[in-house]
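Student:
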Amino acid sequence: MARGADLVVGALERAGVRHLFSLSGNQILSVYDATIGRDIRIIHTRHEAAAVHMADAWGRLGEEPGVALVTAGPGHLNALSALYGALMAESPVVLLSGHAPAGQAGRGAFQEVDQAGAAAPVSKASWVAKDASRLGEDIETALELARSGRPGPVHVSLPGDLLETAVGNSEGAPASARAPRRSMAAAEGDLRRVIEMLETARRPLALIGPAMSRPARRAAVERLSSATGLPALPMESPRGVNDPWLHAAASSFGRADLVLLLGKRLDFSVRWGGAPPFDPACRFVQADWDAEALDTTGRVSLGLVTDPALLAHQLAVAAAPLAGRWSAWIQEVAAARASEPAEWESRRRSAQAPMHPLRVCAEIQPLLDRGAVLVVDGGEFGQWIQAGCESGIRMINGLSGSIGSALPLAIAARLRHADRPVIAAMGDGTFGFHALELDTALRAGLPVVAVVGNDARWNAEHQLQLQHYGAARTLACELGPSRYDRVAAALGGHGEHVERPEDLGPALERALGSGLPACVNVVIDGVAAPTYRAAPAH
Ligand SMILES: Cc1ncc(C[n+]2csc(CCOP(=O)(O)OP(=O)(O)O)c2C)c(N)n1
Ligand SMILES: [Mg+2]
250 MARGADLVVG ALERAGVRHL FSLSGNQILS VYDATIGRDI RIIHTRHEAA
300 AVHMADAWGR LGEEPGVALV TAGPGHLNAL SALYGALMAE SPVVLLSGHA
350 PAGQAGRGAF QEVDQAGAAA PVSKASWVAK DASRLGEDIE TALELARSGR
400 PGPVHVSLPG DLLETAVGNS EGAPASARAP RRSMAAAEGD LRRVIEMLET
450 ARRPLALIGP AMSRPARRAA VERLSSATGL PALPMESPRG VNDPWLHAAA
500 SSFGRADLVL LLGKRLDFSV RWGGAPPFDP ACRFVQADWD AEALDTTGRV
550 SLGLVTDPAL LAHQLAVAAA PLAGRWSAWI QEVAAARASE PAEWESRRRS
600 AQAPMHPLRV CAEIQPLLDR GAVLVVDGGE FGQWIQAGCE SGIRMINGLS
650 GSIGSALPLA IAARLRHADR PVIAAMGDGT FGFHALELDT ALRAGLPVVA
700 VVGNDARWNA EHQLQLQHYG AARTLACELG PSRYDRVAAA LGGHGEHVER
750 PEDLGPALER ALGSGLPACV NVVIDGVAAP TYRAAPAH
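Add 249 to the 1-based position in the sequence shown for the numbering used here, that's all there is to it.
And the structure:
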């Protein structure tokens, strides 16, 4: 006799979900049980947030929702900070949480808490399943919502008694025929208005949000850029216009006279379109999937509710006659993005110990050139790695500004890209959040290499203290010069401790060659992150 849990797992399997990132608990053991004999694997983590970070990475890397499964109450609440990460990264994620039995609702059941309410601010949709026989539909709806429009996390709470309820022998209905989606293409008139604004622009610039910056949608933006010469920059960093990856391209913000926000909110990361970095005379056009995401302050001249990737496709054709008029400008933006301060080259080659983070970049780069995936997280060290390394596949902690996700993100990246090495670079403080996921990596056979930039402090906060309160008032942000490599070794992984620059390359090779989850603990000079101040508006 099938149970509610069988409907859940059947619907997941039919939708192509092959991995559940999970931490066990009594309310969800029926779901574990229902995976037996199915083509679904459970990756069991050491913390619920890690399970959601893994689902987030899965969602970002393939645009198919990553699914996390956690237990009720505290398990669910542990997962929520990571759900915020997925929300801000616009990553399709489904969080399934066990829940106190429906039959005990409101009676002080074990771990009973308003789970749907708690998840609501960090998800696109959030509900408690009501009917055991319809659990399959709950799953289908959640998966569909997570990937439609602006991708993002969706939560469903699964009361333990519904999961255990017998629902007959039916597997549930096969995936219901979905109503054809309304076309989200921009109307002819709206397209015309965008073209008219582009016609009078001398230095137009497209800024693209996180989902738009990933390959599936980025291709449309690249087509627009190559067809028309319109430059486009991704806005994925919580440091916004000071994203170190942008290098000097941040100065383009102040030079632009028309900004096209494609799936990009006019939020803190672009300083709400203010001056600086933007010129007060710069005009803004915003295209977004959601009407609620459109600017309401009056800064945006034209707001369109449309699929921004479709709009990019449409503009690539409709604005093609404008090709050529911005060629000097697009080259200027590209050159600024490619430029580096003169002193970087000598830092990359420096024999100084403790090492400058750029020296670490120089040793990581050859691995990236061989196709390794780069995951970057955490503090000042992370900013340097983002500024100093170029990688085909790169994942950063994202607009949530939350540190700690690097290891779980990297482990899921390894699952997604089994043929590529995965390097996760992070600060020593950041490593501590999910260090024990090295154990998950070992058990799951998903080796990743954590490169820990060890400056024995929470340097990003230390730097802020220096800046705002002065050298005499820095406190509480110190860490020990800990041997994090030994954590990896203690868990059965591979550890390397590196103090001298010439030892780093060989240590990285040994870590990769070990075939084990590894931690390369690198003693670094705790310098402040690189800054490319956006040029003031003139
Ligand atoms: C979840 C979360 N907690 C706290 C912070 C604030 N924070 C940002 S960077 C940072 C310090 C990171 O230290 P470390 O990982 O050692 O990197 P470092 O700056 O030393 O290179 C802290 C505490 C945050 N962004 N996210
Ligand atoms: Mg540190």
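From the three backbone atoms N, C-alpha and C, an ideal C-beta is built for every residue, glycine too.
Could you pull out every unbroken alpha helix (DSSP H) segment of at least 4 residues lying fully inside the segment 281-360, listed in chain order?
Tutor: Runs found: 297-311, 323-337.
Student: Taking the beta carbon of V470 as the centre, do at least 16 other beta carbons fall within 10 Å, making it buried, or is it exposed?
Tutor: Within the sequence shown, residue 470 is the residue found at index 221, counting from 1. Classification of V470: buried, given that the 10 Å Cβ count is 16 or more.
Student: Just mark R504 as buried or exposed, buried being the case when its beta carbon has 16 or more other beta carbons within 10 Å.
Tutor: Numbered from its first residue, the sequence shown carries residue 504 at position 255. Label assigned to R504: buried.
Student: Report the partner residues of E727 according to the DSSP bridge assignment.
Tutor: Numbered from 1 along the sequence shown, position 478 holds the residue referred to as residue 727. Paired residue(s): R706.
Student: What number of angstroms, rounded off, separates the C-alpha of V700 from the C-alpha of A673?
Tutor: What you label residue 700 is simply residue 451 of the sequence shown in a count that begins at 1. What you label residue 673 is simply residue 424 of the sequence shown in a count that begins at 1. Answer to the nearest angstrom: the Cα atoms are 6 Å apart.
Student: Report whether the distance from the Cβ of D677 to the nearest heavy atom of ligand 2 is below 6 Å.
Tutor: For the purposes of this step, residue 677 is taken as residue 428 along the sequence shown, with counting starting at 1. Checking the Cβ of D677 against ligand 2 gives yes.
Student: Just curious, the beta strand (DSSP E) that F502 is in, first and last residue?
Tutor: Your numbering for residue 502 matches position 253 in the sequence shown. Where F502 is concerned, there is no enclosing beta strand (DSSP E), although the alpha helix (DSSP H) it sits in stretches over 500-504.
Student: S651: beta carbon under 6 Å from a heavy atom of ligand 1?
Tutor: Within the sequence shown, residue 651 is the residue found at index 402, counting from 1. Checking the Cβ of S651 against ligand 1 gives yes.
Student: If I'm right that L560 touches A435 with Cβ under 8 Å, what's the distance once you round it to whole angstroms?
Tutor: If you number the sequence shown from 1, residue 560 lands on position 311. If you number the sequence shown from 1, residue 435 lands on position 186. With 8 Å as the limit, L560 and A435 qualify as a contact, their Cβ atoms being about 5 Å apart.
Student: Once DSSP output is grouped into helix, strand and coil, what is the label at P526?
Tutor: The residue you call residue 526 lines up with position 277 of the sequence shown. DSSP places P526 in coil when its eight states are reduced to three.
Student: Is there contact between the segment 299-312 and the segment 331-350, where contact requires at least three CB pairs shorter than 8 Å?
Tutor: Cβ pair count under 8 Å is three or more, so yes.
Student: Of all the CB atoms in chain B, is at least one closer than 7 Å to the CB of M250?
Tutor: Going by chain labels, chain B is absent from the structure shown, which holds only one protein chain.
Student: To the nearest angstrom, report how far apart A426 and E389 are at their CA atoms.
Tutor: Numbered from its first residue, the sequence shown carries residue 426 at position 177. Numbered from its first residue, the sequence shown carries residue 389 at position 140. Summary for A426: the model assigns pLDDT 47, below 50, so the residue's position carries little reliability, and this model does not support an answer.
Student: Ignoring anything shorter than 4 residues or poking outside the segment 539-585, list the alpha helix (DSSP H) runs there in chain order.
Tutor: Taking only runs of at least 4 residues, the alpha helix (DSSP H) segments lying wholly in the segment 539-585 are 557-567.
Student: Apart from the five residues just before and just after S588, which ones in its own chain have a Cβ nearer than 7 Å to its Cβ?
Tutor: Counting from one through the sequence shown, the residue named residue 588 turns up at place 339. Counting only Cβ-Cβ distances below 7 Å, and skipping sequence neighbours, we find H496, A497.
Student: Quick test of your reading: N708 and D734, contact by CB under 8 Å. State the CB separation rounded to the nearest angstrom.
Tutor: In the sequence shown, counting from the first residue as 1, residue 708 sits at position 459. In the sequence shown, counting from the first residue as 1, residue 734 sits at position 485. Their Cβ separation, rounded to whole angstroms, is 20 Å, which puts N708 and D734 out of contact at 8 Å.
Student: Among residues of its own chain, excluding the 5 on either side of S375, which ones have a beta-carbon nearer than 6 Å to its beta-carbon?
Tutor: Here residue 375 is taken as the residue at index 126 of the sequence shown, counted from 1. Cβ within range, chain order: A365, A368, A369, H404.
Student: Please name the residue or residues paired with G744 in a DSSP beta bridge.
Tutor: If you number the sequence shown from 1, residue 744 lands on position 495. Beta-bridge pairing links G744 to C768.
Student: Comparing alpha-carbon positions, which option in A254, R309, C610, V747 lies nearest T414?
Tutor: Taking the sequence shown and counting its residues from 1, the one referred to as residue 414 is at position 165. Out of A254, R309, C610, V747, A254 has the C-alpha closest to the C-alpha of T414.
Student: Is the segment 288-299 touching the segment 688-702, taking contact as three or more C-beta pairs under 8 Å?
Tutor: Verdict: yes, contact present.
Student: What first and last residue would you give for the alpha helix (DSSP H) that runs through A662?
Tutor: Within the sequence shown, the letter at position 413 stands for residue 662. Run containing A662: 655-665, per the alpha helix (DSSP H) assignment.
Student: Report yes or no: do three or more beta-carbon pairs, one from the segment 677-684 and one from the segment 602-613, lie closer than 8 Å?
Tutor: The segment 677-684 is not in contact with the segment 602-613.
Student: Is it true that the CB of G729 sits closer than 7 Å to the CB of A738?
Tutor: In the sequence shown, counting from the first residue as 1, residue 738 sits at position 489. In the sequence shown, counting from the first residue as 1, residue 729 sits at position 480. Cβ atoms of A738 and G729: not closer than 7 Å.
Student: What are the start and end residues of the alpha helix (DSSP H) that includes L685?
Tutor: The residue given as residue 685 occupies position 436 in the sequence shown. Note, L685: premise wrong, no alpha helix (DSSP H); not H, not E.
Student: Exposed or buried, which one is D704 when buried takes at least 16 other CB atoms within 10 Å?
Tutor: Residue numbering aside, residue 704 sits at position 455 when the sequence shown is read from its first letter. D704 comes out buried.
Student: Going by DSSP in three states, S375 sits in which element: helix, strand or coil?
Tutor: Residue numbering aside, residue 375 sits at position 126 when the sequence shown is read from its first letter. Correct three-state label for S375: strand.
Student: Please confirm whether R586 and A542 have their CB atoms less than 7 Å apart.
Tutor: Translated into positions along the sequence shown, residue 586 becomes position 337. Translated into positions along the sequence shown, residue 542 becomes position 293. No. Outside cutoff.
Student: Quick one: any contact between the segment 341-352 and the segment 267-282, if contact means 3 or more CB pairs under 8 Å?
Tutor: The answer is yes - the segment 267-282 touches the segment 341-352, with three or more Cβ pairs under 8 Å.
Student: Using alpha carbons as the reference points, say which of D668, D677, P657 lies closest to F630.
Tutor: By 1-based counting over the sequence shown, the position of residue 630 is 381. Taking only the C-alpha atoms, the option nearest F630 is D677.
Student: So, do the segment 439-446 and the segment 561-572 have three or more beta carbon pairs nearer to each other than 8 Å?
Tutor: Yes, they touch.
Student: Residues in the same chain with beta-carbon distance under 8 Å from G311, minus the five sequence neighbours each way, listed in chain order, please.
Tutor: Within the sequence shown, numbered from 1, the residue matching residue 311 stands at position 62. Once the five neighbours on either side are set aside, the close Cβ partners of G311 are R665.
Student: Kindly identify the DSSP beta-bridge partner or partners of S640.
Tutor: Counting from one through the sequence shown, the residue named residue 640 turns up at place 391. Looking at the DSSP assignment, S640 forms no beta bridge with any residue, so it has no partner.
Student: Answer yes or no: the CB of R732 versus the heavy atoms of ligand 2, is any distance below 6 Å?
Tutor: The residue given as residue 732 occupies position 483 in the sequence shown. Not under cutoff, so the answer is no.
Student: Specify, as a first and last residue, the run of the alpha helix (DSSP H) that Q364 falls within.
Tutor: Along the sequence shown, one-based indexing puts residue 364 at 115. Per DSSP, Q364 belongs to the alpha helix (DSSP H) from 364-368.
Student: Excluding five sequence neighbours on each side, which residues of the same chain lie with their C-beta closer than 8 Å to the C-beta of V258?
Tutor: Along the sequence shown, read from residue 1 onward, the residue named residue 258 stands at position 9. If we look at V258 and ignore the five residues flanking it on each side, its Cβ neighbours are V280, A283, T284, R287, I289.
Student: Let me confirm a value: C768 is counted as buried when at least 16 other C-beta atoms fall within 10 Å, else exposed. Which label applies?
Tutor: Taking the sequence shown and counting its residues from 1, one reaches residue 768 at position 519. Answer is buried; the Cβ neighbour count reaches 16.
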